[in-house]
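If you read the sequences in order, they're chains A and B. FYI, the numbering for the first sequence is 29 to 293, going by this note's numbering. FYI, the numbering for the second sequence is 130 to 271, going by this note's numbering.
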Amino acid sequence: MMRLDRRDFLKCTAAGAAGLAAFHSVFLGRVFGAAESRSAAAPGQKVKRWALVVDLQKCIEGKAKGCINACHQWHNVPEWPEERLEVKWIWEEKFSRLFPDQSFAHMPEALRDRPVLALCNHCANPPCVRVCPTKATFKRPDGIVAMDMHRCIGCRFCIAACPYGARSFNWKNPREAENLRHHINLEYPTRARGVVEKCNFCAERLADGLQPVCVERAEDGALIFGDLNDPASKAAQVLAAGFAIRRKPSLETDPQVYYLISTVR
Amino acid sequence: MRLYNGMIIVPGLLLFLAVVTFPFWIGKVRAGEIKTFESRPAPAGIACVLPKKQMREQHMALLKQWRDQVVREGDRAPVKLVNGQTMELSLTNGCMKCHAKEDCGPYRAHATYCVDCHDYVGIRVDCWTCHIDPMPNMMEKK
């Protein structure tokens, strides 16, 4: 019988490992290669970083309602009369609630109580993604914090993790809501009872080269959407020429919704 | 040898066998009621994503692959149909836009067509709780 000494054993092991590796890269590469190359960015195409700038001078009370309704109609967001059932993608909240760190006793009351537009911040460092046990919520290469409804198990860890209150749970079947009973937008699916939902930066419209619904609806450029990795984009230029704040930056989530206070002259 | 209580044991055994083998023969008994899906001719000028046989066997796998492609990879490139036309990569605005149209002939309608076969094979497709079925009869049920 053949006897293997230690050296031969190691040689055989190494040869076997090399063989496996070759098999893996040549054979499996051919099988799965197509899928892999699809997810990689096309050569020459720079990675995007989508962001939204809310101009606080222009996005004033009353006007924001139109943007909110337009978004909720497009995405078939249910409207429930009970507040505890509320589902929202974009909404209004008092300045002092959105920016507790920037609020103080002697600031103008009109500013402190002023309703300001809020939505998912599409954080560069999103806590919701970190806690999701099924990877139903994930960060896309272009910065959008997306949700895969097919994977959501409704555990609501993400709701607890989000410091901005941007996520809602479907306690009831959304199609039973009064507004969806009368009108449903065929362009976008509804959700089901038992899943979490939030703003998706209109990923489905960006794919068609359109702007997000709220931005399209906003009057005189109150909302500016763009790619911050492209210095020529309007959003990048506005931020470079102005003073903007973000919600709770000290939490280091790196929010990508900016609130423009003023332009630096 | 004598069998005591044969009057109870023999029918009891037969009944037991009938119950245990129920799943194996009920299909055969009911087969007569089931419409076959073979006999429907394709409508002129309209084609699916793949030939009929492949479509029948692979549509569930295809849909899941496209779902991941769209949702997770953000790749919404339209797919080619057999006849060279293209279809938007979407359950409602791709598949159902055509399968709900009049000129899709016998292949029309989710409620009567897709569902007939799904009932036959005994599966419940839950996609329509979210994806919108453009057929009016389904829209009413909501």
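Heads up, the beta-carbon is just placed ideally off N, CA and C, and yes, glycines get one too.
Within chain A, the residues that residue i reaches when beta carbons sit closer than 7 Å
i: proline 263 of chain B; result: Leu214
i: threonine 258 of chain B; result: Ala220
i: glycine 203 of chain B; result: Arg168, Ala231 and Ala235
Proximity of residue i and residue j at Cβ, strictly below 7 Å
i: aspartate 129 of chain A; j: alanine 250 of chain A; result: no
i: cysteine 186 of chain A; j: valine 224 of chain A; result: yes
i: cysteine 183 of chain A; j: alanine 164 of chain A; result: no
i: alanine 190 of chain B; j: asparagine 212 of chain B; result: no
i: asparagine 104 of chain A; j: asparagine 213 of chain A; result: yes
i: proline 263 of chain B; j: alanine 229 of chain B; result: yes
i: leucine 208 of chain A; j: valine 81 of chain A; result: no
i: arginine 205 of chain B; j: alanine 174 of chain A; result: no
i: glutamate 110 of chain A; j: alanine 205 of chain A; result: no
i: cysteine 224 of chain B; j: alanine 220 of chain A; result: no
i: alanine 263 of chain A; j: isoleucine 252 of chain A; result: yes
i: arginine 233 of chain A; j: threonine 218 of chain A; result: no
i: arginine 77 of chain A; j: leucine 256 of chain A; result: yes
i: arginine 245 of chain A; j: glycine 94 of chain A; result: yes
i: valine 178 of chain B; j: leucine 210 of chain B; result: yes
i: threonine 215 of chain B; j: isoleucine 261 of chain B; result: no
i: isoleucine 172 of chain A; j: alanine 231 of chain A; result: yes
i: glutamate 120 of chain A; j: alanine 92 of chain A; result: yes
i: valine 199 of chain B; j: leucine 218 of chain B; result: yes
i: serine 124 of chain A; j: arginine 112 of chain A; result: no
i: valine 285 of chain A; j: asparagine 198 of chain A; result: no
Those residues which DSSP pairs with residue i across a bridge
i: lysine 76 of chain A; result: Lysine 76 of chain A pairs with nothing; no bridge assigned.
i: tyrosine 287 of chain A; result: A:Val82 and A:Ile273
i: leucine 48 of chain A; result: Leucine 48 of chain A is not bridged to any residue.
i: valine 173 of chain A; result: A:Lys167
i: glycine 254 of chain A; result: A:Ala79
i: isoleucine 118 of chain A; result: A:Leu147
i: serine 261 of chain A; result: BP columns for serine 261 of chain A are empty, so no partner.
i: glutamate 225 of chain A; result: A:Ser196
Interface residues of chain A facing residue i [CB-CB closer than 9 Å]
i: glycine 223 of chain B; result: The premise fails here: glycine 223 of chain B is roughly 12 Å from chain A at the closest Cβ pair, so nothing lies under 9 Å.
Contacts of residue i in chain A (Cβ-Cβ under 8 Å)
i: valine 244 of chain B; result: By Cβ distance, chain A contributes nothing, its closest Cβ being about 18 Å from valine 244 of chain B, past 8 Å.
Chain-ordered chain B contacts of residue i [CB-CB under 7 Å]
i: arginine 158 of chain A; result: Chain B residues near arginine 158 of chain A: none, gap ~18 Å exceeds 7 Å.
i: proline 277 of chain A; result: Going along chain B, no residue has its Cβ under 7 Å from proline 277 of chain A, so there is no contact; the nearest lies around 28 Å.
i: proline 106 of chain A; result: Simply none; closest approach about 12 Å.
Proximity to residue i [Cα-Cα], best of the options
i: asparagine 228 of chain A; options: A:Ile212, A:Leu147, A:Ala260 and A:Ala152; result: A:Leu147
i: phenylalanine 6 of chain A; options: A:Asp282, A:Cys160, A:Ile273 and A:Arg168; result: What is shown of chain A runs 29 to 293, which leaves residue 6 of chain A out entirely.
i: arginine 293 of chain A; options: A:Asp282, A:Ala269 and A:Arg275; result: A:Ala269
i: proline 155 of chain A; options: A:Arg195, A:Arg203 and A:Ala264; result: A:Arg195
i: isoleucine 118 of chain A; options: A:Val241, A:Thr218, A:His134 and A:Arg158; result: A:Val241
i: proline 283 of chain A; options: A:Ala152, A:Asp33, A:Arg245 and A:Glu107; result: A:Ala152
i: cysteine 160 of chain A; options: A:Asn149, A:Ala133, A:Ile172 and A:Asp176; result: A:Asp176
i: histidine 211 of chain A; options: A:Leu48, A:Gln101, A:Lys93 and A:Arg34; result: A:Gln101
i: valine 115 of chain A; options: A:Leu279, A:Gly237 and A:Asn201; result: A:Asn201
i: proline 277 of chain A; options: A:Cys87, A:Pro136, A:Tyr192 and A:Lys122; result: A:Tyr192
i: arginine 168 of chain A; options: B:Asp255, B:Asp248, B:Glu202 and B:Trp257; result: B:Glu202
i: alanine 79 of chain A; options: A:Pro259, A:His134 and A:Gln85; result: A:Pro259
i: alanine 189 of chain A; options: A:Gly47, A:Val157 and A:Ser124; result: A:Val157
i: arginine 196 of chain B; options: B:Trp154, B:Lys226 and B:Cys256; result: B:Cys256
i: tyrosine 249 of chain B; options: B:Leu142, B:Ile137, B:Pro140 and B:Gly156; result: B:Gly156
i: serine 290 of chain A; options: A:Phe271, A:Thr281, A:Leu279 and A:Glu280; result: A:Phe271
i: lysine 122 of chain A; options: A:Leu113, A:Arg142, A:Pro136 and A:Ser131; result: A:Arg142
i: lysine 86 of chain A; options: A:Thr281, A:Asp248 and A:Leu279; result: A:Asp248
i: valine 75 of chain A; options: A:Leu279, A:Gly254 and A:Asp36; result: A:Gly254
Residue i: contacting residues in chain B (beta-carbon distance under 9 Å)
i: aspartate 176 of chain A; result: Arg196, Asp197, Val200 and Arg201
i: proline 128 of chain A; result: The contacting residues do not exist; proline 128 of chain A stays about 35 Å from chain B at best.
i: proline 154 of chain A; result: Residues of chain B passing the Cβ test: none, with the nearest at roughly 16 Å.
Within chain B, partners of residue i - CB distance below 8 Å
i: proline 143 of chain A; result: Chain B residues near proline 143 of chain A: none, gap ~31 Å exceeds 8 Å.
i: proline 283 of chain A; result: What proline 283 of chain A touches in chain B: nothing, since even the nearest Cβ is about 21 Å away.
i: proline 161 of chain A; result: The premise fails here: proline 161 of chain A is roughly 17 Å from chain B at the closest Cβ pair, so nothing lies under 8 Å.
i: proline 297 of chain A; result: Here chain A has residues from 29 to 293 only, and residue 297 of chain A is not among them.
Any non-hydrogen atom of the ligand MN within 6 Å of residue i CB
i: aspartate 176 of chain A; result: Ligands are entirely absent from the displayed structure, and the ligand MN is therefore not among its contents.
7 Å Cβ cutoff, residue i in contact with chain C
i: proline 240 of chain A; result: Within the model displayed, chain C is absent; protein chains A and B are what it includes.
*Residue ranges of each alpha helix (DSSP H) within the region 180-236 of chain B, 4 or longer*: Entirely contained in the region 180-236 of chain B, the alpha helix (DSSP H) runs reaching 4 residues are, in chain order, 181-202 and 225-228.
*Uninterrupted alpha helix (DSSP H) stretches inside the region 128-164 of chain A (no shorter than 4 residues)*: Entirely contained in the region 128-164 of chain A, the alpha helix (DSSP H) runs reaching 4 residues are, in chain order, 137-140 and 155-159.
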